[in-house]
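Engineer: One structure, as structure tokens, below. Some questions next.
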Amino acid sequence: MIDHISVVIMAKNAQDTLALSLDSLKAFHEVILYLNDSTDDTEAIAKKYLNVKIIKGEFLGFGETKNKAGEYAENDWILSLDSDEILTTKLIEEISSQEYSDNTTLFRLKRNNYFLGHKTQNSDHIVRIYNKKYTKFNDNKVHESVIVPKESQVITLKNSFKHLNIININQTLTKLIMYTDLGAKEKKTCYFIVVIVKPMFAFFKTYIIQGNFLRGWVGFTVAINSANKRYYKYLKQFINCKDPQEDQK
7 MIDHISVVIM AKNAQDTLAL SLDSLKAFHE VILYLNDSTD DTEAIAKKYL NVKIIKGEFL
67 GFGETKNKAG EYAENDWILS LDSDEILTTK LIEEISSQEY SDNTTLFRLK RNNYFLGHKT
127 QNSDHIVRIY NKKYTKFNDN KVHESVIVPK ESQVITLKNS FKHLNIININ QTLTKLIMYT
187 DLGAKEKKTC YFIVVIVKPM FAFFKTYIIQ GNFLRGWVGF TVAINSANKR YYKYLKQFIN
247 CKDPQEDQK
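Counting from 1 along the sequence shown, just add 6 to a position and that's the residue number in my numbering.
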């Protein structure tokens, strides 16, 4: 049992993936599940796990909410996960074997992304284990990340975890609306050329540079999805720039 690291998860309407995530976390003594306005069976699923502590609160943006959720953890060491992320046995063993005596040490994990059950080419490495007395997430509304101070030591672990990013097409549309709404609030784009160029580059990067053209229709759909998110995000920013009244809604 890992009792010196608390897992912290933020969730809303996560019934399709939460059980898979929590099943992979039975080795941890404490899992904090921060719920905000769930209307499905997310809470009922969580109550089946003895190591899960359910906290209910408002959504303040991804970065700020994750920091808020971390305050409820008994431990200073935090492993931050999303409700659609699943740890592997090898990664858990690697996490357990690390030294946690230096609070300035951060741990970067490899995330393998899945789209409609298919692994994509765009795996990434992100800092997910940190000491909350030393650092925290930034306050970004979306695309939040752990702040990495200059003097910190970042250790990259070898093993990876699964991210079930999109499990059905309807979820793609739901996430598109949510993330572009949040992204539109971060800043304004007052030049329409940005609305055109950013999605084009996102498609090129995802499809060509990251190699998703090797994944057939799945890779093409992943690239289109990436471009769509950029297009609607910057289009909303552009409209807000042209119509200041939108900021007051």
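C-beta: ideal position from N, C-alpha, C; glycine also.
The structure displayed is predicted, hence computed values, not measured ones.
Is residue 191 helix, strand or coil by DSSP?
Structural biologist: Mapped onto the sequence shown, residue 191 falls at position 185. The answer is coil: DSSP assigns residue 191 none of H, G, I, E or B.
Engineer: Cβ of residue 182 within 8 Å of Cβ of residue 234?
Structural biologist: Counting from one through the sequence shown, the residue named residue 182 turns up at place 176. Counting from one through the sequence shown, the residue named residue 234 turns up at place 228. For residue 182 and residue 234, yes; Cβs fall inside 8 Å.
Engineer: Go through its chain and collect everything with a Cβ distance to residue 37's Cβ below 6 Å, but skip five positions before and after it.
Structural biologist: Counting from one through the sequence shown, the residue named residue 37 turns up at place 31. Counting only Cβ-Cβ distances below 6 Å, and skipping sequence neighbours, we find 13, 31, 57, 58.
Engineer: Could you have a look at residue 135 and say whether DSSP puts it in helix, strand or coil?
Structural biologist: As a position in the sequence shown, residue 135 is number 129, starting the count at 1. Note: residue 135 maps to strand in three-state DSSP.
Engineer: Got a sec? Which residues, its chain only, sit under 8 Å from residue 199 by beta carbon, not counting five neighbours each side?
Structural biologist: The count along the sequence shown starts at 1 and reaches residue 199 at position 193. Result list for residue 199: empty, nothing under 8 Å.
Engineer: If you run the structure through DSSP and keep just helix, strand and coil, what is residue 71?
Structural biologist: Looking up residue 71 in the sequence shown gives position 65. Three-state DSSP puts residue 71 in a helix.
Engineer: Is it the case that the Cβ atoms of residue 239 and residue 191 are separated by a distance below 8 Å?
Structural biologist: In the sequence shown, residue 239 corresponds to position 233, counting from 1. In the sequence shown, residue 191 corresponds to position 185, counting from 1. The answer is no: Cβ separation not under 8 Å.
Engineer: Can you give the beta carbon distance from residue 142 to residue 153, rounded, assuming they're within the 8 Å contact cut?
Structural biologist: As a working mapping, residue 142 is identified with position 136 in the sequence shown. As a working mapping, residue 153 is identified with position 147 in the sequence shown. Right, the Cβ-Cβ distance comes to about 6 Å (below 8 Å), so this counts as a contact.
Engineer: Considering only the beta carbon of each residue, do residue 15 and residue 97 sit closer than 8 Å?
Structural biologist: Reading the sequence shown from its first residue, position 9 is the one you call residue 15. Reading the sequence shown from its first residue, position 91 is the one you call residue 97. Their beta carbons are not under 8 Å apart, which means residue 15 does not touch residue 97 by this criterion.
Engineer: Any chance you could list the beta strand (DSSP E) runs of at least 3 consecutive residues sitting entirely within the region 159-214, in chain order?
Structural biologist: The region 159-214 contains these whole beta strand (DSSP E) runs: 159-172.
Engineer: What residue does the alpha helix (DSSP H) around residue 29 start on, and which one ends it?
Structural biologist: The residue labelled residue 29 in the question sits at position 23 within the sequence shown. Here the alpha helix (DSSP H) through residue 29 covers 24-29.
Engineer: Taking C-alpha atoms, which residue in 65, 63, 29, 71 lies nearest to residue 51?
Structural biologist: Stepping through the sequence shown from its first residue, residue 51 is reached at position 45. Measuring from the Cα of residue 51, the nearest candidate turns out to be 29.
Engineer: Thinking C-alpha only, which one of 70, 92, 73 is nearest residue 25?
Structural biologist: Position 19 of the sequence shown, counted from the first residue, corresponds to residue 25. Nearest C-alpha to residue 25: 92.
Engineer: Beta strand (DSSP E) containing residue 118: first to last residue?
Structural biologist: Counted from its first residue, the sequence shown places residue 118 at position 112. Segment 111-121, the beta strand (DSSP E) holding residue 118.
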